[in-house]
Structures are given as C-alpha cells and as structure tokens.
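What follows is a set of notes on a single structure, which appears directly below.
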Amino acid sequence: MSRRKSSDDYAWSHSLSDGPGPRVRRIIEGTRENLQRGLGHRDPVEQPRREWRQEWRRPDRDVFPGRGADHAVGKHPRFRRLKKTGKAVVAVTVVMLLYFASLNVRAPGSTAFMRANEADPVIHEWVDIDHMSRYLIAGAIVHEDSRMGERFAPMDYGAFVDRARAHLHNNGLGCGADDTYHVVTLDEATAGNLCMRDPSGSTIPVQLIKNLYLSPDGGAFRKGLEFALVHPFNLVVSDERILEMYLNYAQFAPDIYGVCAAHWYYFGTPPHESTPTQAGMLAGMLPLPSEVRRAPEGGPLLTGDGSRVERSIQWGGIDRVAPEVAGDGWLRYTSTIGIEGTAGDHAADRGRPGSCSTMPQEVRDKLIDEGFAV
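For the sequence shown, the working numbering gives the first residue as 74, with consecutive numbering after it.
Structural data, given as structure tokens:
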C-alpha cells in the first residue's frame, strides 16, 4: 500500500532540483579549499593545528600575557641564567681538561704542599720514570694503591665514603695528632667515643691531586674538591704519568720531596740503583714523612721502639713491600700501567737532565750540615 505524497515531499524535491542552499554551498566550498591546501576537511574558520603550533613556538610570542617581552620564550630571565650557567660549566670543564692534559708533557715546578711547608727551601729534583728502579715504582703501587692500573675510576667510591664518615667522626670528637687512633668500625668508634683510624688510604691519583693543588689541612670542603678535580685529571692523564709525578712530588723527610733527592739523601745512590729493601723503606715513609729521620749509617732511623714510624717503615715497607717486588715481582704491578722494561734499558741516557745520575747539591749541603758527610 503506497503512501500518499505530502506537500513537504514536493517542497524537498523542489529544493534539490534548485541545487544546494547557501549553507551547504559554504561547507562545500570550505572543504574544497582545505583539500586544495592539503589539510583535509576542517571548518574554514578554525586555524590549522600546524599553523597554531608554529605560532606558539614563535620566539617573540608573549607566553605570559601582560608581563612584558622579557617573558617571551627564550627571553625569560630564568632561561637566560640557565643558558649562561651551562656555557660557563662547559667552558670551565674544557679549560680544566686542557690544563690537566698538558701535564702529560710538562711538570709543575712546585706543589701546594711544598709551598705550604715551613722548611725553606725544600729540596727537590725531578727524575724521569725511565731512570727509576722498577722496585720503586712497584713498591709505591703495592703500598699505596694496589689496584692502580686495573681500576678505571680514580678511586674506590665505597672506600671514599667510609673515609669521609671517619673524618667527620674524628672532627666531631676533636681528635688530634697526639690522640690514639683505633682500628675499629664506625659504630664501635661512635659507641666508645674513640678516635678512628682511616679505614683506607687515598688512592695515588687522589693523593697527587691533593699534593699538587690543595691544602695539607683536611676538611669536608677539601674532600669535595678532591672528588671534583680527580675525575677530569684521571680522565686525560695516563697512569704512567700519574705515577711519575707522584714519586717526584711525594714527601720523604721534613724538607725532602721526590725519589731523586730522597734516594741520594738516605742511601747515597741514584734511584735507578734502588733495591727491593730500599724501595720498601721509601714506601714505608710515605704515610709519615715529616717524622722520618736519617740514620748515621744511612737509611731511615729505626729505633726499635714500636713507634708509628717504626711500624710504617718496618712492617708496612720492609716486611710487606720488599718481598712483594723482589725478583720479577715488580713486573706484575708495573705492567698494569704500561711499564715492562727496566731502568737499565735507558742507561745510555744517564747524565742527561732528568736522569738524577749525580747527587743534587742541595742534598750534599744537607748531609754536610747534619754531619753525615764532609
């Protein structure tokens, strides 16, 4: 049964035959324009999203309306400060790396520890690592930093934290040079109000940074500087060069620095002739150099009284280091830093600057003043 057409049907058919109305034509025209612009169908009055994002990223756009042009993207004071700080950090880092890298080919004339020493003048003469006995090199590694050459980082971070905690504990108690330091844990030291011995010594790179640039006085601030400086230093300076500088700037008596002056002063021979026992003695002096004295017959004065100096030189040096480096034992340690030949391989260069083949005049004068030579 068919439905009878109404008057509305006739009106709709008539409107279609006349074509689309004004509103439909606007939609069709807007869609055609969008398709031609490659943006798809959008309301022609809506701003395309891509253009909106470009507008948002405009450098001069006022992100904070009503607050002025200084708050535009990239011009806000906070952004400017961050940018300047970043540039300053990068510049300082680059300068620091370049300066430390230069130490591979040059040697500072003095160190912060030398300049702070009350003895005036101090006795020091440079000797190249080629003219150091391998017993001396290996002895320093055994006594001070047995993992040098095997460790990528300049320090053991766990040991660094333990040392910092022990240092803060001792400072809190006011521990001084005349107090007795106990080999205990931090908990035991805290419970008994005991001065705590440093649980682990500094590594050779850390000691060298401290000797070169920092004050002999301890403190949390200096520990922070050690941590900040040693990483770029260790990154660009080779292990062999670090050991060479360390043995040249280490203190071995109240006014004597470096193995060149020390070997001539204590033993009357150049460092390339050092024996395992002599190397052990010098290594044992490193923790307490200002308390070491020369014996009349040569070598360090050992009184047999069980003092700290006695224990350090005899137990820590002669008894521990000397057997470890004797024979070919030194090679196990020096090979980790790239040294496999002996000082004898460079005998042809003796007599040249940096060979320490003759006794420094300052050492001779000191021996005469102390009555050990004429």
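The C-beta atom is built at its ideal place from N, Cα and C for all residues, glycine as well. Source: prediction; values computed, not measured.
query: Leaving out five residues before and five after Leu404 in sequence, what residues of the same chain have Cβ atoms less than 7 Å from its Cβ?
result: Here the set comprises Glu413.
message: Out of Gly427, Ala161, Gly444 and Phe325, which one is the CA nearest neighbour of Arg179?
response: Among Gly427, Ala161, Gly444 and Phe325, the Cα nearest to that of Arg179 belongs to Gly427.
query: So what's Ile329 in DSSP terms, helix, strand or just coil?
result: Note: Ile329 maps to strand in three-state DSSP.
Residues that DSSP places opposite His197 in a beta bridge: When beta bridges are read from the DSSP output, His197 appears opposite Tyr330.
- prompt: alpha helix (DSSP H) containing Arg295: first to last residue?
  reply: That run of the alpha helix (DSSP H) goes Ala293 to Val309.
field: Residue environment, Arg207, which counts as buried when at least 16 other CB atoms sit within 10 Å
entry: With 16 or more Cβ atoms within 10 Å of its Cβ, Arg207 is classed as buried.
message: Buried or exposed, going by whether 16 or more other CB atoms sit within 10 Å of the CB of Ile317?
response: Correcting the residue type first, residue 317 is Glu in the shown sequence and not Ile. So Glu317 counts as buried.
- prompt: CB-CB under 7 Å to Leu259, same chain, minus the five flanking residues each way: which ones, in chain order?
  reply: Spatial neighbours of Leu259 in its own chain (CB-CB distance under 7 Å, excluding positions within 5 residues in sequence) are listed in chain order as Arg238, Ala239, His242 and Met269.
task: Check whether the Cβ atoms of Pro278 and Ile315 sit closer than 7 Å, and answer yes or no.
output: The answer is yes: Cβ separation under 7 Å.
- prompt: Taking the Cβ atom as the reference point for each residue, do Val309 and Pro349 lie within a distance shorter than 7 Å?
  reply: Not a contact, by the Cβ cut-off of 7 Å.
task: Tell me Pro373's beta-bridge partners as DSSP assigns them.
output: According to DSSP, which records beta bridges pairwise, Pro373 is partnered with Arg367.
- prompt: What is the rounded straight-line gap between the Cα of Asn321 and the Cα of Ala352?
  reply: Approximately 14 Å, taken between the alpha carbons.
- request: Tell me, please, which residues DSSP counts as bridged to Gln324.
  value: Per DSSP, Tyr330.
Residues near Arg423 in its chain [Cβ-Cβ closer than 6 Å; skip 5 each side]: Only Ser430 meet the Cβ criterion.
field: Reduced DSSP secondary structure (H/G/I, E/B, other) of Gly113
entry: Note that Gly113 has pLDDT 48, beneath the 50 cutoff, so the model's placement of it is unreliable and the number below is only indicative. Coil.
task: Check whether the Cβ atoms of Glu198 and Pro343 sit closer than 7 Å, and answer yes or no.
output: Not a contact, by the Cβ cut-off of 7 Å.
query: Do you know whose CA, among Cys248, Thr276, Leu281 and Gly274, lies nearest Asn266's CA?
result: Closest option to Asn266, Cα to Cα, is Cys248.
- request: Could you tell me the boundaries of the alpha helix (DSSP H) in which Glu435 lies?
  value: Where Glu435 is concerned, the enclosing alpha helix (DSSP H) stretches over Gln434 to Asp442.
- request: Closer than 7 Å by C-beta to Arg437: which residues in its own chain qualify, once you throw out the five before and the five after it? Chain order, please.
  value: Within the same chain, Arg437 has close Cβ partners Ala446.
message: Let me make sure I understand the geometry here. Which of Met187, Arg99 and Met228 has the alpha-carbon closest to that of Tyr453?
response: Residue 453 is absent from the structure shown; the chain starts at 74 and stops at 447.
query: Using the beta-carbon count (16 or more within 10 Å), is Asp328 buried or exposed?
result: Burial check for Asp328: the Cβ neighbour count within 10 Å reaches 16 or more, so the residue is buried.
query: Mind checking whether Val394 and His216 have CB atoms under 7 Å apart?
result: In this structure, His216 lies closer than 7 Å to Val394 by Cβ.
query: What is the rounded straight-line gap between the Cα of Phe294 and the Cα of Ala213?
result: Their Cα atoms are separated by approximately 27 Å.
- prompt: What are the start and end residues of the alpha helix (DSSP H) that includes Pro349?
  reply: Counting along the chain, the alpha helix (DSSP H) containing Pro349 begins and ends at Pro349 to Met358.
query: How long is the line joining the alpha carbons of His304 and Ser219, rounded to whole angstroms?
result: Cα to Cα, the separation comes out at about 19 Å.
Extent of the continuous alpha helix (DSSP H) run through Phe173: Start and end: Pro150 to Ser175.
Rounded separation between Ala356 and Lys283 - CA only: Their backbone Cα atoms lie some 18 Å apart in a straight line.
message: Considering just the uninterrupted stretch of the alpha helix (DSSP H) at Gln387, what are its terminal residues?
response: Unbroken run through Gln387: none, as it is neither H nor E.
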